[in-house]
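Going by our numbering, the sequence shown opens with residue 899, and the numbers climb by one from there. Report on the following structure.
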Amino acid sequence: MLDAFGSVTMQRALGAGVLIGFVASYFGVFVVQRRMAFLGSGLAHAAFGGVALGILASIQPIGIAIPFTVAVAVAIVWVRESTELAEDTAIGVLFAASMALGVVFVSLREGFSTDVQSYLFGSILFLDPSDVWLAAAMACATLVTVPLWGAWAYATFDRNLARTDRLRVAAYDYALAVAMAIAIVVSIKIVGILLISAFLVLPAATARLLSRSFAQMTVLSIVIGTITPAIGLYISYVTDLPSGATIILVQAGLFLLALGTRRAAQ
899 MLDAFGSVTM QRALGAGVLI GFVASYFGVF VVQRRMAFLG SGLAHAAFGG VALGILASIQ
959 PIGIAIPFTV AVAVAIVWVR ESTELAEDTA IGVLFAASMA LGVVFVSLRE GFSTDVQSYL
1019 FGSILFLDPS DVWLAAAMAC ATLVTVPLWG AWAYATFDRN LARTDRLRVA AYDYALAVAM
1079 AIAIVVSIKI VGILLISAFL VLPAATARLL SRSFAQMTVL SIVIGTITPA IGLYISYVTD
1139 LPSGATIILV QAGLFLLALG TRRAAQ
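Encoded structure:
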């Protein structure tokens, strides 16, 4: 197995995959427990509009996609808090508008840029050192949010009681949405817009099946999220399969195994 990670390319892929696995699986527990899987997918697709705008303007796409996606995330929370519309309705509207803008921006550029394809499908085997450092910075920023975990968990399980205890639930919701938006944008260069939602959902869903508490679920989700990139990269190296998709299939396989184990125990 060590031979598979002997090259600089594979070492960068492993480092970035583990870092993004940590970030996505940490935020994924809130996505799964709050039944917000559509939010992760919606923000990932909304980021396409920012990426396309950056490519059109010949600016670093991530630098445009981050504020663009953060604005969409804040708008989703604002619509949910300020109107009678359900969150999935707000996500659907803004997701569709952002994707449409992305398509328009791409059409204004001659030809279809290969950069767009790399953001759609990821390029974990073609990373620059700066991509790994960006993933490391995102992981460090995620660690900074650990003190907020308790408040996020409280609001996750009983929003009304949290409000009664004078917890600023809306403010914490905005903070979580912004943190998730940034994490998703940083991740899409590595695993792609089409796969990042799986990184958010699968490790956390597997952990939920095997855990008895939310804290245990969080830890187990992170463990799964950080080991599956290594396993998936090794399998893709041996079988010559697409790396990002193989990692997702490993995560899906663990989910099915956990599901079977839980059903057998009942």
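Quick reminder that beta carbons are idealized off the backbone N, C-alpha and C, glycines included. These numbers were taken from a predicted model, which means no experiment stands behind them.
Residue i versus residue j: straight-line alpha-carbon distance, rounded
i	j	result
leucine 1032	glutamate 979	32 angstroms
valine 1148	arginine 1064	42 angstroms
leucine 1041	arginine 1161	34 angstroms
valine 1121	phenylalanine 920	8 angstroms
aspartate 1026	alanine 1163	46 angstroms
alanine 1103	threonine 1116	10 angstroms
leucine 1131	glutamate 982	45 angstroms
isoleucine 957	alanine 1156	44 angstroms
aspartate 986	proline 959	27 angstroms
glycine 961	glycine 952	8 angstroms
isoleucine 1129	isoleucine 1091	21 angstroms
alanine 1049	valine 1136	43 angstroms
serine 923	methionine 1078	11 angstroms
glutamine 1015	alanine 950	11 angstroms
threonine 907	valine 977	43 angstroms
alanine 973	alanine 1075	10 angstroms
alanine 998	proline 965	18 angstroms
alanine 1053	alanine 1105	20 angstroms
isoleucine 1022	threonine 1043	26 angstroms
Span of the alpha helix (DSSP H), counted from its first residue to its last, around residue i
i	result
phenylalanine 993	985-1005
glutamate 979	959-980
aspartate 1071	1067-1089
glycine 938	935-954
serine 1021	First-last for serine 1021: undefined, no H or E at that position.
proline 1140	Careful: proline 1140 lies outside any alpha helix (DSSP H) and carries neither H nor E.
alanine 1045	Reading off the sequence, residue 1045 comes out as proline, not alanine. Premise fails: proline 1045 is in no alpha helix (DSSP H) and is neither H nor E.
glycine 904	Run containing glycine 904: none; DSSP gives neither H nor E here.
leucine 1107	1094-1108
arginine 932	No alpha helix (DSSP H) contains arginine 932, which DSSP labels as neither H nor E.
arginine 1057	1057-1062
Whole-Å CB distance - residue i paired with residue j, under 8 angstroms assumed
i	j	result
alanine 911	serine 1141	7 angstroms
alanine 1081	methionine 1036	6 angstroms
isoleucine 1086	tyrosine 1017	6 angstroms
serine 1119	valine 929	Between valine 929 and serine 1119 the Cβ distance is about 10 angstroms, and since that is not below 8 angstroms, they are no contact.
serine 1088	glycine 1020	According to the sequence as given, residue 1088 is isoleucine; it is not serine. Their Cβ separation, rounded to whole angstroms, is 6 angstroms, which keeps isoleucine 1088 and glycine 1020 in contact under 8 angstroms.
tyrosine 1072	leucine 1046	At roughly 11 angstroms, the Cβ-Cβ gap does not stay under 8 angstroms, so tyrosine 1072 and leucine 1046 are not in contact.
Counting Cβ pairs closer than 8 angstroms, one from the stretch 981-998 and one from the stretch 1092-1108, do we hit at least three? Touching, no, given that fewer than three Cβ pairs across the two stretches are closer than 8 angstroms.
Is there contact between the stretch 911-918 and the stretch 969-976, where contact requires at least three CB pairs shorter than 8 angstroms? With the cut-off at 8 angstroms, the stretch 911-918 and the stretch 969-976 do not touch.
Segment contact, 8 angstroms Cβ cut-off, at least three pairs: the stretch 994-1005 with the stretch 1122-1136: No, the stretch 994-1005 is not in contact with the stretch 1122-1136.
Looking at C-beta atoms only, is the number of pairs between the stretch 1052-1060 and the stretch 936-952 that lie closer than 8 angstroms three or more? No, the stretch 1052-1060 does not touch the stretch 936-952.
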